Structures are given as structure tokens and as C-alpha cells.
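> Submitted below is the structure of interest, expressed as C-alpha cells.
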Amino acid sequence: MGDDPELLRRLLRAKDRMDAASHEDWPVRRLARVSGVSEAHFARRFKDAFGVPPHRYLLSRRIERAAAMLRDTDLSVTEIAFATGWKSLGTFGRTFRDVTSESPGDRRARERAAGNGPGRVPACYLAAAHRPDLRIAVSEKRRRAAGGRT
Amino acid sequence: MGQGVEVVGLYVRDQEEARAFYVEKLGFRVHTDVKNGDYRWLTVQHPDQPSFQLGLFLPGPPTIDAATAKAVAGIVAKGAMPPLVLAVDDCRAAYERWRARGVEFTQEPVERYGNVDASFRDPSGNGWKLVQSRK
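Protein sequence lines, in the order shown, are assigned to chains A and B. No gaps in the numbering here: position 46 of the first sequence is 48 in the working numbering, and each next residue is one more. No gaps in the numbering here: position 90 of the second sequence is 254 in the working numbering, and each next residue is one more.
What follows is the structure, given as C-alpha cells:
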């Protein structure tokens with residue numbers, strides 16, 4: 003059941019929709035409707051197919067997009083936070099730091115200093131290649147980091 | 165033709181469906197479509213690129229075993245096959261034209277560094293980037 007290609011193709015549609023509009027809210031109900039899967043089964047099916055729960059996938063896409071905007075635009079960190087779907091600057095800053103081990107401001111300063119141009123790799127593939135690899139929940143990562151400091 | 169890459173194949177879930185998609189929706193032409201028993205060799209061409217064929221192949225026996233074919237079908241359906249890039253003169257025009265024909269776009273045209281790109285998928289799940297490069 004989990005590897006039925008027809009189901010996987012429909013789950014991919016939900017993933018594509020998050021990719022296209024990662025700044026929007028994607029409650030399970032909305033994703034389940036896109037995939038034609040029941041709400042009760044959606045998260046499990048998505049994780050089986052793509053290795054991460056849907057909300058964590060969305061989070062990684064938002065961080066990826068924010069990182070690209072920090073590098074490629076002159077928008078302020080606040081503007082980037084709201085443009086990428088966060089409700090508050092504080093949550094954005096904390097989550098970005100938890101995921102990438104760097105504050106948004108530090109990331110921007112480092113990228114600018116390195117002067118990395120896009121070169122010959124198409125921009126979208128380059129961004130995807132630097133997508134955070136969230137194998138554990140952000141809360142778990144936070145907990146481990148806190149444990150490591152004591 | 166001289167030397168160079170002549171055929172690159174995609175795996176598709178249904179060759180009839182794939183042929184209709186690439187020919188009727190995207191405007192490719194059929195180069196070869198021959199059957200040998202259950203095996204069907206199907207390639208299409210971009211009208212501006214007569215030396216290159218895009219193969220639309222069904223994963224399955226006898227070329228690969230049934231279990232592997234099933235795994236491959238899953239990988240295609242999950243969109244995990246490698247990037248495909250189609251160059252166009254006018255990305256926004258192609259987007260409008262193909263979307264009207266029912267092509268499943270996954271990203272609207274976006275301008276980046278002077279290029280314009282959009283994304284779509286074929287019915288099987290193969291993902292294409294549609295790129296209009298800065299002249």
C-alpha cells in the first residue's frame with residue numbers, strides 16, 4: 003500500500019504545492035485534500051514516502067527560502083521572516099538558528115563576505131542543494147543542543 | 165548525425181499517456197514507436213532538436229525484474245528522478261500555452277538573475293524546469 007505509485011504521485015502533488023507556496027499555511031486537512039488521502043492517514047503516508055513528516059518538510063523549505071533571500075536580496079530580516087511564512091520575527095530567528103546553527107544576520111554577513119555568486123548551477127537546484135537536512139525534529143535538536151552545553 | 169548523445173530515456177508509468185503528453189501538450193514529435201512483443205521502444209523529439217531523442221520507457225521485465233520495476237515506478241512517482249531542463253525562448257508564453265492544455269505546473273514563471281524559469285511535471289512525476297536564459 004505504502005509504495006503504490008499512484009498514491010505516491012498524489013502525495014507528490016501535496017509536496018509540490020508546499021514547494022510552490024511554502025509561506026502559506028499547510029494544515030494537514032489542506033494537504034490531505036490535495037492528495038485525495040484521508041486526514042487521518044496523510045501524515046503517515048507522507049512520511050513513509052518522503053522520509054520526513056509534512057510539517058518538518060515545510061519548515062525545511064521555509065528555511066531554505068529564507069537563506070536564499072538573505073543571500074540574494076536586500077530585504078531586512080523582518081521582511082524575510084514574514085515573506086517566508088513566520089508569524090513573528092522571534093520565532094523565525096530562533097528556528098533559523100536551531101536549524102542552521104547560525105542567526106539570520108550572521109548567515110547574511112558570512113554569505114556576503116564569501117561573495118558566492120550563483121555560478122553555473124541553476125538557482126533553484128542550488129537552493130535545494132543547500133536545503134537543511136532535518137532528520138530530527140527541531141525541538142529534539144534544540145533539546146540535544148541544550149544538553150550539550152551543560 | 166556526428167558524435168554525441170543521441171538518446172536519453174525517462175521512465176514513465178504508461179507509454180500511451182506519456183506519448184500523448186509529450187506530443188499533444190508539449191509539441192514534441194514521435195521519432196520511433198515500435199513494439200517487439202510486449203516491449204515498446206518509444207522516443208520523441210523536440211522539433212528544434214533533430215539530433216536528440218527523448219526515450220519514454222516503461223520499467224519492467226524483461227529489461228528489469230518486476231520488483232525493481234516496482235521500486236523504480238515508486239521513485240518516479242515521488243519525483244525523485246534527476247533534474248530535466250527544457251530551454252524556451254519565452255517562458256511566460258510557454259507557461260500560459262501549456263497550462264491551458266492542462267500541463268501540471270508546480271511553479272509559476274519566476275525571474276532570477278535575468279533568467280525566467282517555471283516548473284512542471286509529466287503525468288508520471290518526472291519534473292521539468294522550463295528555462296528562458298538571458299540573451
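All C-beta atoms, glycine included, are put in the ideal place defined by N, C-alpha and C. Small disclaimer: the values here were computed from a predicted structure and weren't measured.
In chain order, what residues of the same chain lie with their CB nearer than 6 Å to the CB of S283/B, ignoring the 5 residues before and after it?
These residues qualify, in order along the chain: T270, Q271 and K293.
> By DSSP, does Q209/B sit in helix, in strand, or in coil?
Residue state, collapsed to three classes: strand.
> Taking 8 Å as the limit between beta carbons, can you name the residues of its chain near M20/A, skipping five residues before and five after?
Closer than 8 Å at Cβ, skipping near neighbours: W28, L33, P56, Y59, L60 and R63.
> Name the two residues that bound the continuous beta strand (DSSP E) containing Q167/B.
Segment: none, Q167/B is in no beta strand (DSSP E) and carries neither H nor E.
> Taking DSSP's pairing of strands, which residues face N336/B in a bridge?
The displayed coordinates of chain B run from 165 to 299. Any statement about residue 336/B would go beyond what the structure contains.
> Alpha carbon to alpha carbon, what distance is there between G107/A and S78/A?
Approximately 9 Å, taken between the alpha carbons.
> So V208/B packs on V194/B, CB below 8 Å; how close in whole Å?
Contact flag correct, Cβ pair sits at about 6 Å.
> Against chain A, which members of the region 257-276 of chain B pass a CB distance test of less than 9 Å?
Cβ contacts with chain A come from E268, F269, T270, Q271, E272, V274 and R276.
> Can you tell me whether E113/A is helix, strand or coil according to DSSP?
In this structure, E113/A counts as helix in the three-state DSSP scheme.
> With DSSP as the reference, identify every bridge partner of F269/B, one or two as the case may be.
Looking at the DSSP assignment, F269/B forms a beta bridge with F284/B.
> Whole angstroms is fine: what's the gap from T152/A's alpha carbon to A85/A's?
Only weak support exists for where T152/A lies, its pLDDT of 44 falling under 50; the value from the coordinates is given anyway. If I take the Cα positions, the gap works out to 36 Å.
> I want to verify the contact list: residues of chain B whose CB lies under 9 Å from the CB of R63/A, in sequence order.
Near R63/A there are no residues of chain B at all, since even the closest Cβ is about 12 Å away, more than 9 Å.
> Closer than 8 Å between beta carbons: that is the criterion. Which residues of the region 176-190 of chain B meet it against chain A?
The region 176-190 of chain B vs chain A, Cβ under 8 Å: R177.
> Hey, D169/B and L220/B are a contact pair by Cβ (cut 8 Å); roughly how many whole angstroms apart?
Checking the sequence, you will find Val at residue 169/B rather than Asp. That belief does not hold up - the Cβ atoms of V169/B and L220/B are roughly 16 Å apart, past 8 Å.
> Quick check on DSSP: helix, strand or coil for K299/B?
Reduced to three states, the DSSP call for K299/B is coil.
> Cβ closer than 7 Å: which chain B residues qualify as neighbours of R11/A?
Per Cβ cutoff of 7 Å: A241 and G289.
> Given that a residue counts as buried once 16 or more other Cβ atoms are within 10 Å of its Cβ, and exposed if not, what is Y127/A?
Burial call: exposed.
> Taking DSSP as the reference, what is the three-state secondary structure of A244/B?
In this structure, A244/B counts as coil in the three-state DSSP scheme.
> Return the CA-CA distance between D6/A and T80/A, expressed in angstroms with no decimal places.
When rounded, the distance between both Cα atoms is 43 Å.
> Any idea if K242/B is buried or exposed, counting beta-carbon neighbours within 10 angstroms, 16 or more meaning buried?
So K242/B ends up on the buried side.
> Would you verify that the beta carbon of D76/A is, or is not, closer than 8 Å to some beta carbon of chain B?
No, because no Cβ of chain B sits closer than 8 Å to the Cβ of D76/A.
> Could you confirm whether any beta carbon from chain B is found closer than 8 Å to the beta carbon of D5/A?
It does; some Cβ of chain B falls within 8 Å.
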